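Colleague:
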Amino acid sequence: MRRTNLSAVALAAGTLAVASALTSCSSDVPTGEANPGTSTSAAKTGDAQSKFFEQAEYDKQLALRNKTPQGPADRPWEQMFDPQMVQTDKYKKSGGLHLCFSNAGVFNPWRQVGLKNIRAEVSQHKEITEFTVFDGQGKDDKQISDIQELTGKGCDALIVSPNTTATLTPAVTSACGKLPVIVFDRGVDTDCPVTFINPIGGYAYGATAAEFLVQKVKPGGKILALRISPGVDVLENRWSAAKLAFDKAGLKVADVQFTEGDTAKTKSIVADAIQRSGGVDGVWMDAGATSVAAVEAFEDAGRDVPPITGEDQQDFLKVWKDKKLTAIAPTYPTFQWRTPIIAALRILAGQPVPKEWKLPQPTITEQNLGQYYKPNMPPLHYAMCGCENLPGFPQAWGGK
Amino acid sequence: MTEVAVRTADRRQARVPGLTDPVVMVYLALAGVTALGFITVEARGGDFLTLTNVVGILHNSVVLGLVALGQTAAILTGSLDLSVAYLISICTLVAAETMNGQDSRVLPAMLVVLGMSATVGLINGIVITKLQVNAFIATLGVAFILRGYIEDNYTGPAGKVPVSFQHLGYDRIGPIPVSAFVLAGATVALWLVLRRTRLGYHMYAVGGDEQIARLSGVRTHRVKIAAHVLCSLSAGVAGLILASRLGAGAPWAGTEARYDLESIAAVVLGGTVLAGGRGGVAGTLGGVLILAVLDSVFNQLGVDPFFKNVVRGAVIIAAVALYARRGQRAGDNT
Amino acid sequence: MTALAVDIRREGLRRALQAGAPVYLLLAALLVAIAVADPGFFEPDRLLAFAKRSAPLVILAAGQYLVIVSGGYDLSVGSLVTVGVVVAAETFNEFPGAPWPAVVALLLAGGALVGLANGLIVAVLRVPSFIATLGMMLILEGAVFYWTQGSPHGSLPEDFRALGRGNAVGSLPWAVVICLAVGTATVLLMRAAFGRTLLATGDNERAAALAGVRVARIRLAVFTLSGLAAAIAAVLVGGFSGISAQAGRGDEFEAITAVVLGGAALGGGAGSVVAAMAGAFSLQALFTLLNLHGVSGALESTVQGLIVIAAVWLGAVNWSRVRRRPATTTPRGEA
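Chains as they are written, first to last, in the working numbering: chain D, 1 to 400; chain Z, 1001 to 1334; chain A, 2001 to 2335.
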């Protein structure tokens, strides 16, 4: 049979390859003590874990909210809290630079805005002659291969936005041995990267939103908590901090529901909640994608919209402004996508960078709403992009 | 007892000779895609088929390859399995948690994972055959059940794989990743089952025409259940490889990669007929490699991630249309 | 029409009636359970609100029913809903003053065209519908996000959104009116000659072809109608919940589940469209019930999986008595 022959050929070829290669057995297993994380060792990288609430990290994040970061106030993506500088002389390099970026994926508008930011930041710097981006398509396994492949491509520095904290650790660890690595957004469970860039964090996000509701909702009021989906570490942290704030203030969490980011499902959930428990006095959300749908559910039911939390997406800011809502929008700023390029250039110039580059995490309130609401930008654009002065703005971000 | 069925199956396989053999076409397509990729990338001043690229392609083929092999078994019997994605996630979690970073627990963990996946396959098979729930719905339902279990129990990566087990995912013998040998071994094993055992013949027979197979004395239910156990076992092995790559278990390891639909696409891209009865593992391997080479070319060219999906969708449709045409023409000749 | 076709028709109708029974029981049981948990649910306004939010899935189920009963799948409908919503937003962005009926017409035409493309790939290129529509799903998703770079521009004006959000008269939502219209049209279609040939094609393609059915035309028609239904659903979804890049995600599986809950055999040849639409209502009712009981969001899918398997199993048990042979488990009709 034909297939037999083919397989035989394949087998023979395989055997040959093995025989010729047996002399050169090699391993890419990362060495050193930095092994992939367990559920307990992940605390040091901010938003890493949430199954077990990290009191120390929580306290740290809440304290950072009231501190003033170092650096230019009009360029928050260059600001930093409590920097512990590290020397980078050994990475110094002159001439045209080749930067590489392993991206987790572009599976949501936040990442889409971010990718535009990082590309625009690159285009500002003439010394970057090549910028290679591999897209992980949201697959840990693919991103691991991407990182391995990028380390063999002659990059001068590698930027990684990990899809998952623990699972990308081995790949990042082995890349660290070959070139300077910059990690941002989610962290990894090793301190081998030259710098790890991230905003204050999920606890601060959740707490800021919850504390606003505590202020605005009458004592004993009923809170509806809308979450995207279970099992996402960043979002779990936001919720655990919020729950703590509600419990402390005596607000009743009437219901916690998962919307999966689906606006239709959100509307249904909110409509049911309004009818069922005799009303909702406040809505807390762990991410902004569905906040407009929640607002509309109240309108459709003929009720006033109670105090609500959202995020810095333009559609929410518009509804907030038009309907004069009582609202707040903590952010997980997309301007952090600019920082890795700035960090890479500093590292390759031999300038010191902070070991952990903690960025500010601004909140949009009634007072500064006008500054961030931009009617010319698309509805799913994130206001906290820090992209207004970048080349190509606003068209490249879909604005007019 | 099963002479008729077996002969039917044999005739089906033998009917399509030469260039119209789907397997040959799959590998021709693979060669074509590779050549095209090579030319485009080199023309753009890049380097294709470098060692790192090839290693990347092989690494990216292993997990999908294993899932697709199992899916081939299910599809050949005229069934399919939509639960593999969630099963893989659970397998990585159970593997990493059972191992808990200790070398001594690697073997027990592997046994637990394989036992668990076999059980899931058994359940899939029983629901499909004994409860007569359509395979699409049955495995979708099981997928939902597994999903609920994951979401109820995990909030993120969990467990830890010892370094010794990570060698499975990271070591290379020469340029070839060890895990690629696992895939090759699984391919040969499944090929032997399909082509050299009674079970294999019966699987083709059941997929070709369940009625005729039953009338010829094939115990169709058992065959289908066995196919689903094979399918889930392959997903279990895929989960183990993933765990060794990831170093930990991840609740979305299987679903974010859409292994359910991707594996079905790879199988069909490999020339196996979705309705069952025709095809095989050699083609599936080719289908998986085509997808991996495409991915690599996209990476080298920096193609927009969204545009990749357009190309993938078009390639899948075009390939299957081509097989259908060739198959039909060859069929007309006989 | 030959005696064979008439015979097939009678058999089909008998099966359809038998097949539908379990889903009505399921729906009734779910509604009773909801009433126990929340007596206020049956106030007319809330019931209409429930119907309004169910409408898109019900319409998708009606379209999917046509495809399934003729022996195929349509996996592209979810992405078609996404595309519809995004295209509407982009159109209003480009032409801010565009009259909404024109945009609706554009969407419907586009949906029908995509459906026609599916049908051509299945009927002419002989690609199994599962693969054809899976490929189409990838193409649509990729193309629309490639075009918009991931996030739609512009937003949907209120008059367009009224179809999915507002009321026609009094407290009767437009969505319910449209849903009823689609349902009636589909029932009439299934009662006409078209419906009989559809069932015959799904039951046994070769026999139908021998009896004079133009199978290719039937396939083109059902996929076009399914695409059209998806476009209508997109109009309603966009209206109901506004612009979102996630609209419609996973809807194809929900629609197929709804149809199978309604008793239609995957692989074609049996089932009733009303039962399929009842299946869609059942899924929505199940979702509402789980919400009301505050079943942990995580376990929700487990419960849904168990109920779907159990319902289909019971359906299979019920009508295996009147069947000549057991259900085939693949879309054999076109293979």
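Every residue gets a Cβ at the ideal spot worked out from N, C-alpha and C, and that includes glycine. No experiment lies behind these values; they were computed from the predicted model shown.
Kindly indicate which three-state DSSP category residue 188 of chain D falls into: helix, strand or coil?
Modeller: Position 188 of the first sequence, counted from the start, is the residue given in the question as residue 188 of chain D. Coil.
Colleague: Quick one: which chain Z residues come within Cβ less than 7 angstroms of residue 145 of chain D?
Modeller: Numbered from 1 along the first sequence, position 145 holds the residue referred to as residue 145 of chain D. What residue 145 of chain D touches in chain Z: 1056, 1059, 1060.
Colleague: Quick check on residue 389 of chain D: buried or exposed, where buried means 16 or more other Cβ atoms within 10 Å of its Cβ?
Modeller: Locating residue 389 of chain D in the first sequence gives position 389, counting from the first residue. The residue in question, residue 389 of chain D, is exposed, as its Cβ has fewer than 16 Cβ neighbours within 10 Å.
Colleague: With three or more beta-carbon pairs closer than 8 angstroms as the criterion, would you say the stretch 2099-2109 of chain A touches the stretch 2040-2058 of chain A?
Modeller: Too few Cβ pairs lie closer than 8 angstroms, so no.
Colleague: Of the residues A:2029, A:2056, A:2258, A:2289, which one's Cα is nearest the Cα of residue 2278 of chain A?
Modeller: Taking the first residue of the third sequence as 1, we reach residue 2278 of chain A at position 278. If we check each option's Cα against that of residue 2278 of chain A, A:2258 comes out closest.
Colleague: At a CB-CB cut-off below 9 angstroms, which residues of chain D make contact with residue 2291 of chain A?
Modeller: Here residue 2291 of chain A corresponds to residue number 291 of the third sequence, with the count starting at 1. Those within 9 angstroms of residue 2291 of chain A in chain D are 255, 257, 268, 269, 272, 273, 276.
Colleague: Quick one: which chain Z residues come within Cβ less than 9 angstroms of residue 2043 of chain A?
Modeller: If you number the third sequence from 1, residue 2043 of chain A lands on position 43. Per Cβ cutoff of 9 angstroms: no residues; residue 2043 of chain A is ~31 angstroms from chain Z at best.
Colleague: For chain A, is any of its Cβ atoms less than 8 angstroms away from the one on residue 225 of chain D?
Modeller: As a working mapping, residue 225 of chain D is identified with position 225 in the first sequence. Cβ-Cβ to chain A under 8 angstroms: no for residue 225 of chain D.
Colleague: Could you confirm whether any beta carbon from chain A is found closer than 8 angstroms to the beta carbon of residue 1249 of chain Z?
Modeller: Translated into positions along the second sequence, residue 1249 of chain Z becomes position 249. So, not an interface residue.
Colleague: Out of curiosity, what's the CA-to-CA distance linking residue 2067 of chain A and residue 2232 of chain A?
Modeller: Mapped onto the third sequence, residue 2067 of chain A falls at position 67. Mapped onto the third sequence, residue 2232 of chain A falls at position 232. Each residue's Cα considered, the two are about 16 angstroms apart.
Colleague: Spatial neighbours of residue 153 of chain D within its chain, please: CB distance less than 7 angstroms, with the 5 preceding and 5 following residues excluded, ordered by chain position.
Modeller: For the purposes of this step, residue 153 of chain D is taken as the residue at position 153 of the first sequence. Closer than 7 angstroms at Cβ, skipping near neighbours: 100, 132.
Colleague: Strictly under 8 angstroms for the Cβ-Cβ distance: is residue 233 of chain D near chain Z by that measure?
Modeller: On the first sequence, position 233 is the one that residue 233 of chain D refers to. Cβ-Cβ to chain Z under 8 angstroms: yes for residue 233 of chain D.
Colleague: Assuming the contact rule is C-beta atoms closer than 8 angstroms, residue 1142 of chain Z and residue 1083 of chain Z should be a hit. Round their C-beta distance to whole Å, please.
Modeller: Within the second sequence, residue 1142 of chain Z is the residue found at index 142, counting from 1. Within the second sequence, residue 1083 of chain Z is the residue found at index 83, counting from 1. Indeed, because the Cβ distance is near 4 angstroms, the residues count as touching under 8 angstroms.
Colleague: Give me the chain Z residues within the contact set of residue 134 of chain D, using Cβ-Cβ distance strictly less than 7 angstroms, ordered along the chain.
Modeller: Taking the first sequence and counting its residues from 1, one reaches residue 134 of chain D at position 134. Here the neighbours are 1299.
Colleague: Using a Cβ cut-off of 8 angstroms (strictly closer), state whether residue 141 of chain D contacts chain Z.
Modeller: As a position in the first sequence, residue 141 of chain D is number 141, starting the count at 1. By this cut-off, residue 141 of chain D is an interface position.
Colleague: Select from Z:1051, Z:1304, Z:1247, Z:1309 the residue whose C-alpha is nearest the C-alpha of residue 1175 of chain Z.
Modeller: For the purposes of this step, residue 1175 of chain Z is taken as residue 175 along the second sequence, with counting starting at 1. For residue 1175 of chain Z, the nearest C-alpha among the options comes from Z:1051.
Colleague: Considering only residues of the same chain and omitting the five flanking positions on each side of residue 1338 of chain Z, which have a CB-CB separation below 7 angstroms?
Modeller: Since the displayed chain Z opens at 1001 and closes at 1334, residue 1338 of chain Z lies outside it and no answer follows.
Colleague: Measuring straight from C-alpha to C-alpha, what distance separates residue 174 of chain D and residue 2183 of chain A?
Modeller: Stepping through the first sequence from its first residue, residue 174 of chain D is reached at position 174. Stepping through the third sequence from its first residue, residue 2183 of chain A is reached at position 183. So the two alpha carbons sit approximately 59 angstroms from each other.
Colleague: Taking the alpha helix (DSSP H) that residue 102 of chain D belongs to, which residues open and close that run?
Modeller: Taking the first sequence and counting its residues from 1, the one referred to as residue 102 of chain D is at position 102. Taken as a continuous stretch (DSSP letters only), residue 102 of chain D belongs to no alpha helix (DSSP H), being part of the beta strand (DSSP E) at 97-103.
Colleague: From residue 148 of chain D to residue 1060 of chain Z, what distance separates their C-alpha atoms?
Modeller: Within the first sequence, the letter at position 148 stands for residue 148 of chain D. Within the second sequence, the letter at position 60 stands for residue 1060 of chain Z. Cα-Cα distance, rounded: 12 angstroms.
Colleague: When the Cα atoms are used, what is the spatial distance from residue 441 of chain D to residue 1086 of chain Z?
Modeller: Because chain D is modelled from 1 through 400, residue 441 of chain D falls outside the range shown and cannot be assessed.
Colleague: Quick one: using the 10 Å Cβ neighbour count with 16 as the cut-off for buried, is residue 1039 of chain Z buried or exposed?
Modeller: In the second sequence, residue 1039 of chain Z corresponds to position 39, counting from 1. So residue 1039 of chain Z counts as exposed.
Colleague: Would you mind telling me which residues of chain Z sit closer than 8 angstroms to residue 148 of chain D, beta carbon to beta carbon, in chain order?
Modeller: Here residue 148 of chain D is taken as the residue at index 148 of the first sequence, counted from 1. Per Cβ cutoff of 8 angstroms: 1052, 1055, 1056, 1059.
Colleague: So with Cβ pairs under 8 angstroms, would you call residue 1148 of chain Z a contact of chain A?
Modeller: Numbered from 1 along the second sequence, position 148 holds the residue referred to as residue 1148 of chain Z. Residue 1148 of chain Z counts as touching chain A.
Colleague: Please classify residue 2176 of chain A as buried or exposed, where buried requires at least 16 other C-beta atoms within 10 Å of its C-beta.
Modeller: Residue mapping note: residue 2176 of chain A aligns to position 176 of the third sequence, counting from 1. So residue 2176 of chain A ends up on the buried side.
Colleague: From residue 1997 of chain A to residue 104 of chain D, what does the alpha carbon distance come to, in whole angstroms?
Modeller: This structure cannot settle anything about residue 1997 of chain A, because the visible part of chain A is limited to 2001 through 2335.
Colleague: Does chain Z have any CB closer than 8 angstroms to the CB of residue 2145 of chain A?
Modeller: Residue numbering aside, residue 2145 of chain A sits at position 145 when the third sequence is read from its first letter. With 8 angstroms as the cut-off, residue 2145 of chain A counts as an interface residue toward chain Z.
Colleague: If you draw a straight line from the C-alpha of residue 300 of chain D to the C-alpha of residue 2063 of chain A, how long is it?
Modeller: Looking up residue 300 of chain D in the first sequence gives position 300. Looking up residue 2063 of chain A in the third sequence gives position 63. Cα to Cα, residue 300 of chain D sits roughly 28 angstroms from residue 2063 of chain A.
Colleague: Taking a Cβ distance cut-off of 8 angstroms, strictly less, list which residues of the stretch 2110-2132 of chain A are near chain D, in chain order.
Modeller: The residues in question: there are none.
Colleague: If I measure Cβ to Cβ from residue 212 of chain D and keep anything under 6 angstroms in the same chain, skipping five residues before and after, which residues do I get?
Modeller: On the first sequence, position 212 is the one that residue 212 of chain D refers to. Closer than 6 angstroms at Cβ, skipping near neighbours: 328.
Colleague: Could you give the first and the last residue of the continuous alpha helix (DSSP H) run that contains residue 2174 of chain A?
Modeller: Here residue 2174 of chain A refers to the residue found at position 174 when the third sequence is read from its first residue. Here the alpha helix (DSSP H) through residue 2174 of chain A covers 2174-2191.
Colleague: Got a sec: which bits of the stretch 1240-1271 of chain Z sit with their beta carbon under 8 angstroms from any beta carbon on chain E, in order along the chain?
Modeller: Of the protein chains in this structure, namely D, Z and A, none is chain E.
Colleague: What's the C-alpha gap between residue 281 of chain D and residue 2044 of chain A?
Modeller: Taking the first residue of the first sequence as 1, we reach residue 281 of chain D at position 281. Taking the first residue of the third sequence as 1, we reach residue 2044 of chain A at position 44. So the two alpha carbons sit approximately 25 angstroms from each other.
Colleague: In whole angstroms, what is the alpha-carbon distance linking residue 2142 of chain A and residue 2219 of chain A?
Modeller: Walking along the third sequence from the start, residue 2142 of chain A turns up at place 142. Walking along the third sequence from the start, residue 2219 of chain A turns up at place 219. Between residue 2142 of chain A and residue 2219 of chain A, the C-alpha separation is close to 25 angstroms.
Colleague: Measuring CB atoms only, is the stretch 286-296 of chain D touching the stretch 312-331 of chain D, in the sense that at least three cross pairs come out at less than 8 angstroms?
Modeller: With a cut-off of 8 angstroms, the stretch 312-331 of chain D and the stretch 286-296 of chain D count as touching, because enough Cβ pairs lie within range.
Colleague: So the alpha helix (DSSP H) residue 110 of chain D belongs to, where does it begin and stop?
Modeller: The residue you call residue 110 of chain D lines up with position 110 of the first sequence. 109-123 is the extent of the alpha helix (DSSP H) around residue 110 of chain D.
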